[in-house]
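Here is the structure we will look at, set down as structure tokens.
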Amino acid sequence: MKRVLFFYTFFTFFSLAFAQKKVALVLSGGGAKGIAHIGVLKYLEENRIPIHYVTGTSMGGLVGGFYACGYSPAQMEQIALSADFQNWVNGKIEEKYHNYYLRKEENASLISLSFKLDTTLKTSINPILVNDAPLNL
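Each residue of the sequence shown is one higher than the last, beginning at 48 in my numbering.
Okay, structure coming up:
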């Protein structure tokens, strides 16, 4: 038993000693300011620093996701400077979606119940909970 434990411990430490070091990049949020992470990625690529793991929150997660999908920092910068992305960040809806998303509802409540003496209970649920038109990049 001692022999097995010794070999297990020896090989564990031996494998850890020769393991290659990895670089993990953790990107924070910050709304539109999170686009600054693209510059960090540019700098790391220019200095040939490999990135093995990427994680982030909010806008950092979006930038990290683009990088993990194989987008280069130049491509991400081009996307960030596009009109569609600027509208998405600022919460503006394109003119072609105005008809559908900005129309006035007779009753803007989520659930409406109406009672009448002659009829049964009527329930209607509004299917539009969140406007996702700007998210469709």
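Note that the Cβ used here is the ideal one computed from N, Cα and C, for glycine as well.
DSSP state of residue i mapped onto helix, strand, coil
i, result
"Y144", "helix"
"T104", "coil"
"L128", "coil"
"P120", "helix"
"K49", "helix"
"K139", "coil"
"G77", "coil"
6 Å Cβ shell around residue i - same chain, five flanking residues per side excluded
i, result
"V101", "L72, G111, Y114 and A115"
"A127", "I82"
"K89", "P120"
"L52", "none"
"G103", "L74 and G111"
Neighbourhood of residue i by C-beta, 7 Å cutoff - its chain only, sequence neighbours within 5 removed
i, result
"V136", "A79"
"I96", "V70"
"H84", "L74, G107 and V110"
"H99", "K69, V70 and A71"
Range covered by the beta strand (DSSP E) that runs through residue i
i, result
"V70", "Counting along the chain, V70 falls outside any beta strand (DSSP E), and DSSP gives it neither H nor E."
Limits of the alpha helix (DSSP H) - the one that residue i falls within
i, result
"Y90", "H84 to E93"
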